[in-house]
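Colleague: Mind looking over this structure? Questions follow.
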Amino acid sequence: MFLKELEIIGFKSFPDKTLIKFTNAINAIVGPNGSGKSNIADAIRWVIGEQSVKILRGNKMEDVIFAGSDKKKASGFAEVTLVLDNTDRVIDMDFNEISITRRMYRSGESEYYINRTQCRLKDIVEMLMDTGMGKEGYSIIGQGRIDEILNNKSDGRRIIFEEAAGITKYKHRKAESEKKLEQTEKNIERLGDIINEINNQLIPLEQQADMAKKYLKMMEELKILEVNLIINNIEKNKERLSDVIVKLEELENLLIEKESGIEKNNLDRSKQKSIVKELEEKIQAINNEIHSYINQKEKLEGEGRLLEEKASFLKLTLDKLSKEEESIGLQKEKILSALEEDFKALELYKGQAKDLSDEIIFKEDEYKNKFSSMDELELKTEEMKANHIDLLNKASDKKNSINSLMSLKNNVENRISQLNIDNALLAGQYENKISLLEKNKEEIDDIENGIRKIIERKKELMDKKQIAEELLKKLEERFMETRSKKDNVISRLKLLEEMERDFGGYNKTVKTILMNHQDIKKKVSGFRGAVGEIISVDSNYAVAIEVALGSSIQNIITNDEEDARLLIEFLKKNKLGRATFLPIRSIKAKKMNQHEIKNYQMSGVLGIAADMVSYDSEYRNIIYHLLGRIIIVDNMKNAIKLAKATNYSYRIVTLEGELISTGGAITGGSMGSYASNIITRKSQIKELKKEYSLLLKELDSLSRNIEIQKDKIVMYDSDINHCVESLHNYEIEINNKKNKNIMIDNDLEVIRSKISINEKELEELNAEKNRIVDNIFTTEKELEEIKSKIASVEENILKMQDNLKAQKEQSKDYNNYITSLKIKEAQLKQQILYVEQNIERNNISLDGLETKIKGIRNEVKESENQLILINEKINENKKIIEKIIEKQSEKRQILKDIEEEKNNKIKHLEKIEEKIDLLQQELNNIQNSIHKVDMAKVKLEMEIENMEFKLLDNYELSYRKALDLKIGDLNISRSTKRCEELKEEIRSLGTINVNAVEEFEKLNNRYEFLKNQLDDMVKAKESLVKVIDEITRCMKKQFIAEFNKINDNFNEVFAKLFGGGEAQIVLTDNNDALNSDIEIIAKPPGKKLQNLMLLSGGERALTAIALLFAILKMKPAPFCVLDEIDSALDDANVARYAAFLNEFSTQFIIITHRKGTMEAADCLYGVTMDDTGTSKLLSVMLEDKVS
């Protein structure tokens, strides 16, 4: 294996795509300081996974992206691709080439690829483990790494030894196993605590479960009895509700009749409004036309002014064009004179140019005849050089082949050793996986049983939640309906109270007195108020009393006649109209005697009107004066019967407001346009306040019930979520177990496959090793033959180059004379070109002047035509203006007629609206009656709904489902008594945990499950301890063996590099080889064995290089990047260092300033920094290096 290619884009000082193709030998990268050559080493470090910004020589990772320069903008990303030749399968992948790519964007995002397939950084690191190419390995050595090796702290030094010993993968696996062991121990401790806690809860919970069973049995009996009592109440209320609905339907039919009348009048009103609107639109349209005529007239007058200005401008333009035409004629004559002189000069220059051209052709033919053999000699020399380069390339290829074969042979031997160790480990892993698979299958069965139980519990909770949601929906609908009714009541109450404050229903005179009662009271102390203000009436009798009082309801009460007189004077003085006054002292009561009352106690007679009102005792005479001889009956039928019996001697009034006057006159019909509503309004205000109070209580009750249901739904949701969470946890657990089983099955298959592949590979490797040895022998023989041919070719090239040099000197004089002739010819051609360009320019100018003259003449003609048209347009506009003035006068007359028609339609519309107001008043009275019946209906519905809500709230039963529990022959009193007994028994039990039965079963199952899990974890811990011990044993054995080989190599290489002396590496603690510090002890020739810190800088650097070469000798890396590690060496040591490089089969990429190192390289690359501030790579050809 070797590093074949490196592609850099946007990395540090390489913004453009740069491709470096390396040979499988020694490659040197050279260049001045600051040119960016060390950035190539950084690029290799970065692509194989280096994460340390400090090692990459930056402050943050984004610093690796090209930051831009004065002449080149910054890059948006950095990308490096490293291509490895893997034909020898050092990396266990079935590819001849492996490319590793790392890309980073300025946003901080990174991407990693293996063979253009995206992967993780971890995949790259694991792939390169134990190959020497890892970021912690020894394939990239710079000054910083040399310092780590030489430093007293041996942590960095130790990493290199571990990579070389091939234990990095084992170390990684051990760390993962120790992490798992630590987590397992924590889990065991946590499970132990949980099991102890659960055990303490089980005994008291079992006792609670027994009490809960007894409690639930009594609750079930109580539930059946209470449900039946509620069903009985619901059925009774439904019967009452049916009667109320019939009454409501009758009132609603009457309401429809009145609404139809209003609708008919509304249609008529809409029609009249539509006509008025059409007339208004016509008026607007005519106004628009008149404005349009005005605008047209103004526009035409303005246009006329503009046309006159334009005519003046055209006359000035015609004068200006005449003068311009005369000036252009003079310019034309001057240009024709200049053209004549240019044609004469052109003829002279062309004759001179032809003579020079003939002489140049003659001299060039003479040169070709004399020196034709020189080109042939030069061609032969180039062919000989090409043959020489071809032979050198073949020699290089043979060297590379030998180095590759030697490296491949070492790799094959190392691989055979590694495969034997791997097969032993794989066999142990296989047994552990089998036992773990069986245990996981048993755990999956237990978890699936737990899942089934939770699903059943979740279904039960979902059903309960659905019932609660249905009830909540009904409650919210009732809440919205009740709130709407409350708003309606508030609206009506405000309207009635406002009418009460404004004394609505009283005539203008009385209203004025009442509204100014405080001022009047100061002048007339005996003023008491109107009759309608001093009485109050039950709502059932309000209509009847209001009819009985009639206009008397507006009578003014005073203390005496004098007060009445003063008020009459006040009315006269202020011209406020007339009023009737009732002085308390002079008014006499009108009563029926006891005999009359007894005689007329007939069916339907409700009493004397005066007895049906409430008032202050001082007003008794006035009330009996007005109502003492008026009888109130229930309906018209009974009123007629009573009137006949009394020979029409009394005024009789029905509850609905029909009136039979003394003498027999009967008054009846709709109350809408008759009643003043003074009494009924007071009654309505009282009723509405009562209704408002009830609705507030109902809203409060509904609000509390809604919150209760919401709390229940939240509780159910919480329980359902708990179930879902438990299911999710179980599913995760079961999926984890199943995934583990799949992974274990995969691992088993992988282990079987790996063992089989390893055994097959061992056979192939042994055969491959024998083949490599044969190839090395054959290739070395071929290399010697090629070297002999190279020497012969180099001798022939030198002879040909001497002959070619002599002929080139003779041809130089001929070339100089021919060149001077060509210069003269070029000068003449330049003069000819200048004259021709002058002629061309003058011709163009003539054409331009002709075009201008033609344009001026066209413009004159066009301006004259425009002047004629403008004069015609001015005359035409004057005629149009006269016609517009006539049309404007006609439209003003039409507008006057339409406005008169509109005023007539508005008067008709006002009459229709008066009619609608009367119908609306009748409609309001019907609506009041509907409201009372509807309130009774709502009250019954609320009671039914409250009882149904009670079923849902207390027992989670709809009315329909509750009927399934109905007892056929229910004894109400006995059932009520039994309910009280059961409640007392339940209270005596005290606080009960109803969930104890389920909680006990659940907790007990969990206890058993956790106990089994604890046993499994203890077994897993024991298994992990065995695996860690086995890995540690293998690591120690392999590390010590490889460490001893490196030590032997180190002593040997040290002696060669220093020309004698000795060196060794020592473990400070032989009992703990895997953690022991590593000391380097060196004894250069002529010195004592001593610690590195006592050596000179050059000696220390050469010692570190010796150690690196010792490692490479024991385990060659596929490639090795050496970044200026020779900078501290003197020339003699550089020569030794350079010579030693050729002894290895490893591919070297050396960054250096030292001449001796460059001379050892097979291929040179030069790095320069151009004026854009970017690095450029130059390939130094082989012949350049030789010269």
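Residues in the sequence shown are numbered consecutively from 10, following this note's numbering.
Here a beta-carbon is modelled for each residue, glycine too, at the ideal position from N, C-alpha and C.
Rounded to whole angstroms, what is the Cα-Cα separation between Ser545 and Phe512?
Modeller: Position 536 of the sequence shown, counting from 1, holds the residue named residue 545. Position 503 of the sequence shown, counting from 1, holds the residue named residue 512. Each residue's alpha carbon lies about 16 Å from the other.
Colleague: In three-state terms, what does DSSP make of Ile1158?
Modeller: Position 1149 of the sequence shown, counted from the start, is the residue given in the question as residue 1158. Of the three classes helix, strand and coil, the one that applies to Ile1158 here is strand, per DSSP.
Colleague: Between the stretch 1086-1100 and the stretch 1108-1126, are three or more C-beta pairs nearer than 8 Å?
Modeller: At 8 Å Cβ cutoff, the stretches touch.
Colleague: Report all residues from its chain with a CB closer than 8 Å to the CB of Ser119; omit the five preceding and five following residues, and keep chain order.
Modeller: The residue labelled residue 119 in the question sits at position 110 within the sequence shown. Cβ within range, chain order: Arg111, Arg112, Met113, Leu130.
Colleague: When you compare only the Cα positions, how much space is there between Asp643 and Ile233?
Modeller: Taking the sequence shown and counting its residues from 1, one reaches residue 643 at position 634. Taking the sequence shown and counting its residues from 1, one reaches residue 233 at position 224. Each residue's alpha carbon lies about 47 Å from the other.
Colleague: Does DSSP put Tyr147 in a helix, in a strand, or in coil?
Modeller: Working through the sequence shown from its first residue, we reach residue 147 at position 138. Tyr147: coil per DSSP, three-state reduction.
Colleague: So Ala76 is in the beta strand (DSSP E); what residue range does that whole segment cover?
Modeller: One-based indexing of the sequence shown puts residue 76 at position 67. It is not in any beta strand (DSSP E) - Ala76 carries neither H nor E in the DSSP assignment.
Colleague: Taking 9 Å as the threshold (beta carbon to beta carbon), is Ile939 in contact with chain B?
Modeller: As a matter of chain content, chain B is missing from the structure shown, which is built from one protein chain.
Colleague: Determine the direct distance from the alpha carbon of Glu334 to that of Gly864, and round the result to whole angstroms.
Modeller: Taking the first residue of the sequence shown as 1, we reach residue 864 at position 855. Taking the first residue of the sequence shown as 1, we reach residue 334 at position 325. Straight-line Cα distance between these residues: approximately 10 Å.
Colleague: How many Å lie between Ile879 and Gln846 at the Cα?
Modeller: Walking along the sequence shown from the start, residue 879 turns up at place 870. Walking along the sequence shown from the start, residue 846 turns up at place 837. Those two C-alpha atoms are separated by around 49 Å.
Colleague: Can you grab the Cα-Cα spacing for the pair Glu758 / Asn429, in whole Å?
Modeller: Taking the sequence shown and counting its residues from 1, one reaches residue 758 at position 749. Taking the sequence shown and counting its residues from 1, one reaches residue 429 at position 420. Roughly 19 Å between the two C-alpha positions.
Colleague: Quick check: what's the CA-CA separation for Ser366 versus Gly360?
Modeller: One-based indexing of the sequence shown puts residue 366 at position 357. One-based indexing of the sequence shown puts residue 360 at position 351. Cα-Cα distance, rounded: 10 Å.
Colleague: Starting from Asp94, follow its DSSP beta bridges and name the residues at the other end.
Modeller: Residue numbering aside, residue 94 sits at position 85 when the sequence shown is read from its first letter. DSSP lists Phe11, Glu106 as partners of Asp94.
Colleague: For Val1143, report the span of its alpha helix (DSSP H) as first-last.
Modeller: Counted from its first residue, the sequence shown places residue 1143 at position 1134. Residues 1140-1150.
Colleague: Report the start-end ranges of each alpha helix (DSSP H) in the stretch 942-1019 that is 4 residues or longer and not cut off at the edges.
Modeller: Runs of the alpha helix (DSSP H) inside the stretch 942-1019: 968-971, 981-997.
Colleague: So, using beta-carbon positions, are Ile1216 and Glu555 closer together than 9 Å?
Modeller: The requested residue 1216 does not occur in the structure, where the chain is confined to residues 10 to 1196.
Colleague: Please classify Ile641: does DSSP put it in a helix, a strand, or coil?
Modeller: As a first step, residue 641 must be located in the sequence shown, where it is residue number 632. Of the three classes helix, strand and coil, the one that applies to Ile641 here is strand, per DSSP.
Colleague: Do the CB positions of Ser44 and Thr1177 come within less than 9 Å of each other?
Modeller: Counting from one through the sequence shown, the residue named residue 44 turns up at place 35. Counting from one through the sequence shown, the residue named residue 1177 turns up at place 1168. Closer than 9 Å, so yes.
Colleague: Below 8 Å on the Cβ atoms is my guess for Met1026 versus Leu446; work out the distance and round it to an integer in Å.
Modeller: Locating residue 1026 in the sequence shown gives position 1017, where the first residue counts as 1. Locating residue 446 in the sequence shown gives position 437, where the first residue counts as 1. About 17 Å separates the two Cβ atoms, so there is no contact after all.
Colleague: With 16 other CB atoms within 10 Å as the buried threshold, where does Phe322 fall?
Modeller: Counting from one through the sequence shown, the residue named residue 322 turns up at place 313. Result: exposed.
Colleague: Using the DSSP secondary-structure output, state which residues sit across from Met138 in a beta bridge.
Modeller: Translated into the one-based positions of the sequence shown, residue 138 becomes position 129. BP columns for Met138 are empty, so no partner.
Colleague: Is the CB-CB distance between Asn412 and Ala1170 below 9 Å?
Modeller: Translated into positions along the sequence shown, residue 412 becomes position 403. Translated into positions along the sequence shown, residue 1170 becomes position 1161. Result no, Cβ atoms of Asn412 and Ala1170 do not sit closer than 9 Å.
Colleague: Is it buried or exposed for Tyr550, if we count other Cβ within 10 angstroms and need 16 for buried?
Modeller: For the purposes of this step, residue 550 is taken as the residue at position 541 of the sequence shown. Label assigned to Tyr550: buried.
Colleague: Can Ser186 and Thr1181 be called in contact, C-beta distance under 9 Å?
Modeller: Start at 1 with the first residue of the sequence shown, and residue 186 comes out as number 177. Start at 1 with the first residue of the sequence shown, and residue 1181 comes out as number 1172. No, Cβ-Cβ distance for Ser186 and Thr1181 is not below 9 Å.
Colleague: Using the Cβ count rule (16 or more neighbours within 10 Å means buried), how would you classify Pro41?
Modeller: Stepping through the sequence shown from its first residue, residue 41 is reached at position 32. That one is exposed.
Colleague: Which residues in the same chain have their Cβ closer than 7 Å to the Cβ of Glu803, if we skip the five residues on either side of it in sequence?
Modeller: For the purposes of this step, residue 803 is taken as residue 794 along the sequence shown, with counting starting at 1. Excluding positions up to five away in sequence, the list reads His397.
Colleague: Measuring straight from C-alpha to C-alpha, what distance separates Asn805 and Thr32?
Modeller: The sequence position of residue 805 within the sequence shown is 796, counting from 1. The sequence position of residue 32 within the sequence shown is 23, counting from 1. Distance between the alpha carbons of Asn805 and Thr32: 29 Å.
Colleague: Give the secondary structure of Phe31 by DSSP, where H, G and I count as helix, E and B as strand, and everything else as coil.
Modeller: If you number the sequence shown from 1, residue 31 lands on position 22. DSSP places Phe31 in coil when its eight states are reduced to three.
Colleague: Give me, in chain order, the residues of the same chain whose beta-carbon lies closer than 7 Å to that of Asn441; leave out the 5 immediate sequence neighbours on both sides.
Modeller: Working through the sequence shown from its first residue, we reach residue 441 at position 432. Closer than 7 Å at the Cβ level, and outside the excluded window around Asn441, lie Ser1032.
Colleague: Mapping the DSSP letters down to three states, classify Thr1077 as helix, strand or coil.
Modeller: As a working note, residue 1077 is residue 1068 in the sequence shown. The answer is coil: DSSP assigns Thr1077 none of H, G, I, E or B.
Colleague: Who are the near neighbours of Glu135 in its chain, counting only those whose CB is closer than 8 Å to its CB and skipping five residues on each side?
Modeller: Locating residue 135 in the sequence shown gives position 126, where the first residue counts as 1. Within the same chain, Glu135 has close Cβ partners Lys178, His181.
Colleague: Let me check understanding here. Comparing Cα to Cα, which of Leu434, Phe371, Glu457, Leu238 lies closest to Arg761?
Modeller: Stepping through the sequence shown from its first residue, residue 761 is reached at position 752. It is Leu434.
Colleague: For Ser623, which beta-bridge partners are listed by DSSP?
Modeller: Here residue 623 is taken as the residue at index 614 of the sequence shown, counted from 1. Per DSSP, Ser545.
Colleague: Would the beta-carbon of Ile617 fall within 9 Å of that of Gly586?
Modeller: Taking the sequence shown and counting its residues from 1, one reaches residue 617 at position 608. Taking the sequence shown and counting its residues from 1, one reaches residue 586 at position 577. No; because the gap between Cβ atoms is not below 9 Å, this pair is not in contact.
Colleague: Checking 9 Å against the spacing of the C-beta atoms, do Ile995 and Met227 come in under that value?
Modeller: Numbered from its first residue, the sequence shown carries residue 995 at position 986. Numbered from its first residue, the sequence shown carries residue 227 at position 218. Going by C-beta atoms, Ile995 is nearer than 9 Å to Met227.
Colleague: What number of angstroms, rounded off, separates the C-alpha of Thr671 from the C-alpha of Lys646?
Modeller: Within the sequence shown, the letter at position 662 stands for residue 671. Within the sequence shown, the letter at position 637 stands for residue 646. Distance between the alpha carbons of Thr671 and Lys646 is about 17 Å.
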